[in-house]
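To start, the structure itself, in structure tokens.
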Amino acid sequence: MRIKFMIVLLITAGSIFLSSCKKNSVSLSFTNAKNEVPELGNLVFRFSHSLATDSMLNAWDSTEYITFEPAIPGRFRWESPDELVFSPSQPLSPATNYKAKIKGAVLRFSKYNSVKNGDK
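Taking my numbering, the leading residue of the sequence shown gets 277, the next gets one more, and so forth.
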């Protein structure tokens, strides 16, 4: 009887732990980097929660928050606590398919530990 109680207790605790871990993630809620984008222009990535501190806002940053394949040289800037802007340093190549991957660096100053669907 006591063993059954311990098993039920462990399963319940594990379920609570796993459900709370899922809530500790952020997702990409908007981006203009879909389909066809202009060769010149910034790419905007808005997240479901605030990730940047006030001291990080409106300052150009060379931290690689997002990687692109093929690579795109450029810089990042936090426009607001939940909005990251990427400015390419040269025009994007025409008729090229790019793939973006959000890196863990976007979470460095937040309470979140993962990005849902960060590989687009």
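C-beta: ideal position from N, C-alpha, C; glycine also.
Please work out which residues of its chain come closer than 8 angstroms, Cβ to Cβ, to residue i, disregarding the five sequence neighbours upstream and downstream, and give them in chain order.
| i | result |
| --- | --- |
| T339 | F352, A381 |
| E355 | V320, L333, N334, V361 |
| P357 | S326, L327, A328, T329, D330, L333 |
| L383 | V302, L327, N389, S390, V391 |
Between which two residues does the beta strand (DSSP E) harbouring residue i extend?
| i | result |
| --- | --- |
| A371 | Careful: A371 lies outside any beta strand (DSSP E) and carries neither H nor E. |
| S305 | 301-307 |
| I342 | 342-345 |
| R384 | Counting along the chain, R384 falls outside any beta strand (DSSP E), and DSSP gives it neither H nor E. |
| S390 | 390-392 |
| E359 | 359-364 |
| L319 | 319-323 |
| S356 | 350-356 |
Report all residues from its chain with a CB closer than 6 angstroms to the CB of residue i; omit the five preceding and five following residues, and keep chain order.
| i | result |
| --- | --- |
| F306 | R322 |
| M282 | With a pLDDT of only 46 at M282, under 50, the local geometry of the prediction cannot be trusted, and no value is derived from it. |
| N308 | V320 |
| S363 | N318, G350, R351 |
| S390 | S301 |
| F344 | Y374, A376 |
| S386 | L327 |
| I342 | A376, I378 |
Please look up how many angstroms separate the CB atoms of residue i and residue j, rounded, as I've assumed it's under 8 angstroms.
| i | j | result |
| --- | --- | --- |
| L360 | V313 | So it is not a contact: roughly 16 angstroms between Cβ atoms. |
| N400 | L319 | Nothing can be reported for residue 400: it is not among the residues displayed for the chain, which extend from 277 to 396. |
| S443 | P349 | Residue coverage of the chain in this structure runs from 277 to 396, which leaves residue 443 outside it and unanswerable. |
Quick one: residues in its chain with C-beta nearer than 7 angstroms to the C-beta of residue i, no 5 flanking neighbours on either side, listed in chain order?
| i | result |
| --- | --- |
| L286 | The predicted position of L286 is uncertain, since its pLDDT is 48 and thus under 50; a value taken from the coordinates is nonetheless stated next. For L286, where only same-chain residues beyond five positions count, there are no Cβ hits under 7 angstroms. |
| V284 | Only weak support exists for where V284 lies, its pLDDT of 46 falling under 50; the value from the coordinates is given anyway. Excluding residues within five positions, none has a Cβ falling inside 7 angstroms. |
| W336 | R351, R353 |
What residues are listed by DSSP as bridge partners for residue i?
| i | result |
| --- | --- |
| S338 | Paired residue(s): none; S338 is not in a bridge. |
| I378 | I342 |
| L333 | W354 |
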